[in-house]
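Numbering (the numbering used here), first residue to last: 2 to 213.
We put the CB at the ideal spot given by N, CA and C, even for glycine.
Remarks on the structure that follows.
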């Protein structure tokens, strides 16, 4: 019991020191959250795997038609682990301001790194555009209500908040990786949303920046 208590205490001290150092490095500009448009940028994969058989039930929108704005099609119902995730995908696909959306795959697609060893794999990434100058790229991590307030949830929330506050655009020659979102005037919004709250929280991401 003493060893376990010491280990837990040491983990807490290590995490606290790591967070302090990480935030100091961000403030100094030595660690940066940047949206790059050169070859150093993370690139969306050109194909996605599914374990669903050909001809499986597809996820459809409120109009009864197959979803159209996902970066990958077709979208099968069985590829989602919960009804909440299906409902979120349908909601995103039906929004006029949304340009595209992507359901991120843990341990193989886009990840964020904070001051802990484990990476954060957000559940959804999507782009919203109002006119030519108002563009947002949103990174969204979803959590169930039963996980609200636990250590992992609070850590992810802190990293996403820090990323939003510290985000900048790399001013390099545009080569097309982010042409769906654009570079000039783009903003990044990162948030952690509890599953029961998504119906009230997500509409806020769809409004023009001047109204947020």
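Measuring straight from C-alpha to C-alpha, what distance separates residue i and residue j?
i: residue 178; j: residue 198; result: Low per-residue confidence applies at residue 178: pLDDT is 39, beneath 50, and the placement is therefore not dependable, though the value from the model is reported in the following sentence. Roughly 32 Å between the two C-alpha positions.
i: residue 22; j: residue 144; result: 27 Å
i: residue 200; j: residue 92; result: 9 Å
i: residue 62; j: residue 12; result: 46 Å
i: residue 165; j: residue 18; result: 22 Å
i: residue 7; j: residue 133; result: 55 Å
i: residue 81; j: residue 3; result: 42 Å
i: residue 67; j: residue 154; result: 33 Å
i: residue 115; j: residue 48; result: 27 Å
At what residues does the beta strand (DSSP E) containing residue i begin and finish?
i: residue 161; result: Run containing residue 161: none in the beta strand (DSSP E); it sits in the alpha helix (DSSP H), 152-167.
i: residue 125; result: 125-131
i: residue 138; result: 135-144
i: residue 104; result: 99-104
Tell me where the alpha helix (DSSP H) around residue i begins and ends.
i: residue 201; result: 199-202
i: residue 12; result: 3-29
i: residue 91; result: 84-95
Rounded to the nearest angstrom, how far is the Cβ of residue i from that of residue j, given a contact under 8 Å?
i: residue 128; j: residue 138; result: 5 Å
i: residue 103; j: residue 76; result: Actually they do not touch by this definition, with Cβ atoms about 11 Å apart.
i: residue 161; j: residue 135; result: With 8 Å as the limit, residue 161 and residue 135 do not qualify as a contact, their Cβ atoms being about 21 Å apart.
i: residue 204; j: residue 110; result: That belief does not hold up - the Cβ atoms of residue 204 and residue 110 are roughly 25 Å apart, past 8 Å.
i: residue 79; j: residue 57; result: 6 Å
i: residue 96; j: residue 207; result: 5 Å
Cutting at 7 Å between CB atoms, please list the residues of its own chain near residue i, excluding the five before and the five after it.
i: residue 15; result: none
i: residue 142; result: 121, 123, 124, 157, 161, 193
i: residue 27; result: 163, 167
i: residue 72; result: 45, 101, 103
Using a Cβ-Cβ cut-off of 9 Å, state whether residue i counts as contacting chain B.
i: residue 144; result: Here there is only one protein chain, and chain B is not present.
Go through its chain and collect everything with a Cβ distance to residue i's Cβ below 8 Å, but skip five positions before and after it.
i: residue 70; result: 93, 94, 99, 100, 101, 102
i: residue 117; result: 16, 19, 156
If I measure Cβ to Cβ from residue i and keep anything under 6 Å in the same chain, skipping five residues before and after, which residues do I get?
i: residue 168; result: 34, 189
- prompt: Between the stretch 80-92 and the stretch 107-121, do three or more beta carbon pairs fall short of 8 Å?
  reply: No: fewer than three Cβ pairs fall under 8 Å.
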